[in-house]
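Residue numbers (our numbering): 343 to 816.
One structure is given below, encoded as structure tokens.
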């Protein structure tokens, strides 16, 4: 049997060619590991986004569209459902809890979610983890806002910052440093609406809001889901940041949260995406900030076995057309749709590794003639042709192991540098670099493939050693 030290010396003697082979394989393996980790993280992000929710109730539409919009904040809702429907849903005797959400506004490209404080208490992620606050707390006032962790980091917001919500889905938004009423009055003396907002923060006088403004507000919110992507700022309504959430690695990090009353306040005086009447802060606060419509309802049942019966109750609801979507089943359908894409990526990276292995074969064969002298010397000290073939195979195993190790380290370096970018821009949360079962399977497969790839040059070198004998060939 060939001694291990002899194998190492042989590799060091050909260090340049071995280094090129190792680097080629390492980059290919790193690409495979990176793609696999991203696929795993995307799937995990989807699966962990929401936990403990048995059903999502929304206006009648496709199950996948409802799930993507309400849970993953992708796309727009087809329509809204009435607040009275939410009250009827909560009165269902199967109900454990229900959390309403209202969508359709944005801030600098991030979705705004109107909801209640129960959202932070009841909604879970990653198999039952609670949503926790990194700093501050949930909203207690109409114009309080809570930020997802990625939003706060990306836009560099701290507690006390004041943000302007955009009416509709748009990248337009503004940020200001939050001032006291006195500071705002002096800094914005020429902006009456802004000053009035600051007066509201100290709960000053509120004038009566007329019936016409209420009517406009109701019409606006009813049309809110269909207003398209054109955005208009609510310049006179600043929302104060009162809380920042801890990172979750889910779309929760990429949202801005306000109260349902805050959503109603923003839409007072609007019809669709057009502002039709100027309404002061005092008038808004005097009006009834009760939601007329919402986008969806997250539902948890007392007994999960009743989910199909609850779904039938929803489908048979007489007041308006609504649907009940079960997140788990709908996600399974989503994976069925995207499964071929996952396979395609893995096939591509697998072929890249195959190409790298073919390169290793080519370089090994090209160097055979140059190693004939080495083989003859080994024969002269008693090495058999079988020993020499085993030398080549052990070299292949060592090169494969080193390549896998370097490839894995490269993957860790790539994600260590880019994980914040992936999380903030794409919602991809890389939370583990530990070796998975499929990683071990891949490493074993690469070693086996490298051994198979070495068979061709091994056979050639076996023939050479038999033919050359103890003669030294150059």
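Ideal Cβ placement from N, Cα and C applies to all residues, glycine included.
Which of the three DSSP states, helix, strand or coil, is assigned to residue 457?
strand
Is the distance from the Cβ of residue 499 to the Cβ of residue 600 below 7 Å?
no
Residue 486, enclosing alpha helix (DSSP H) - first and last residue:
Careful: residue 486 lies outside any alpha helix (DSSP H), inside the beta strand (DSSP E) at 486-489.
So, under 8 Å CB-CB, residue 818 and residue 441 are touching, yes? Tell me the CB distance rounded to an integer number of Å.
In the structure as shown, the chain starts at 343 and stops at 816, and residue 818 therefore has no counterpart that could be examined.
Taking only runs that begin and end inside the stretch 641-700, name each unbroken alpha helix (DSSP H) of 4 or more residues, in chain order.
649-657
Euclidean distance between Cα positions of residue 392 and residue 371
33 Å
Check whether residue 412 and residue 399 have beta carbons under 7 Å apart
no
Can you give me the start and stop residues for the beta strand (DSSP E) that residue 416 sits inside?
Looking at the DSSP string, residue 416 is not in any beta strand (DSSP E), and its letter there is neither H nor E.
Backbone secondary structure at residue 595 - three-state DSSP:
helix
Sort 673, 702, 694 by Cα distance to residue 363 and report the nearest one.
702
Where do the ends of the alpha helix (DSSP H) carrying residue 347 lie?
346-355
Option in 386, 635, 435 with minimal Cα separation from residue 422:
635
Is any heavy atom in the ligand SAM found nearer than 6 Å to the beta carbon of residue 486?
Looking at this structure, you won't find the ligand SAM or any other ligand, since it has none at all.
Please confirm if the stretch 745-758 is in contact with the stretch 344-353, defined as three or more CB-CB distances below 8 Å between the two stretches.
no
Here's the rule I'm using: 16 or more other beta-carbon atoms within 10 Å means buried, otherwise exposed. How should residue 728 be labelled?
exposed
Where does residue 504 fall in DSSP's three states?
strand
Span separating the alpha-carbon of residue 375 from that of residue 756
11 Å
Given a cut-off of 7 Å, decide if residue 449 and residue 408 are closer than it, judged by their beta-carbon atoms.
no
Which of helix, strand or coil DSSP assigns to residue 725:
coil
Shortest alpha-carbon distance to residue 388 belongs to which of 774, 799, 672, 720?
672
Please work out which residues of its chain come closer than 7 Å, Cβ to Cβ, to residue 631, disregarding the five sequence neighbours upstream and downstream, and give them in chain order.
484, 603, 606, 607
In terms of residue numbering, what span does the beta strand (DSSP E) encompassing residue 602 cover?
Premise fails: residue 602 lies in the alpha helix (DSSP H), 602-609, not in any beta strand (DSSP E).
If you drop the 5 nearest sequence neighbours on each side, which residues of the same chain put their C-beta closer than 8 Å to that of residue 827?
Absent from the model: residue 827. The displayed extent of the chain is 343 to 816, so no value can be given.
Beta-carbon spacing of residue 433, residue 507 below 7 Å
no
Reducing DSSP to helix, strand and coil, say where residue 581 ends up.
strand
In whole angstroms, what is the alpha-carbon distance linking residue 476 and residue 651?
39 Å
Which whole-angstrom value is the C-beta distance of residue 803 and residue 710, which I expect to be below 8 Å?
6 Å
Run through DSSP, which three-state label would residue 442 get?
strand
When 637, 487, 665 are compared against residue 580, the one with the closest alpha-carbon:
487
How many angstroms separate the CA atom of residue 453 from the CA atom of residue 385?
21 Å
Considering only DSSP beta bridges, list what residue 635 is partnered with.
424
Give me the DSSP bridge partner(s) of residue 586.
477, 489
Locate the beta strand (DSSP E) running through residue 398, then write down its first and last residues.
397-401
Which partner residues of residue 390 appear in the DSSP bridge assignment?
The partner list for residue 390 (beta bridge, DSSP) is empty, contrary to what the question assumes.
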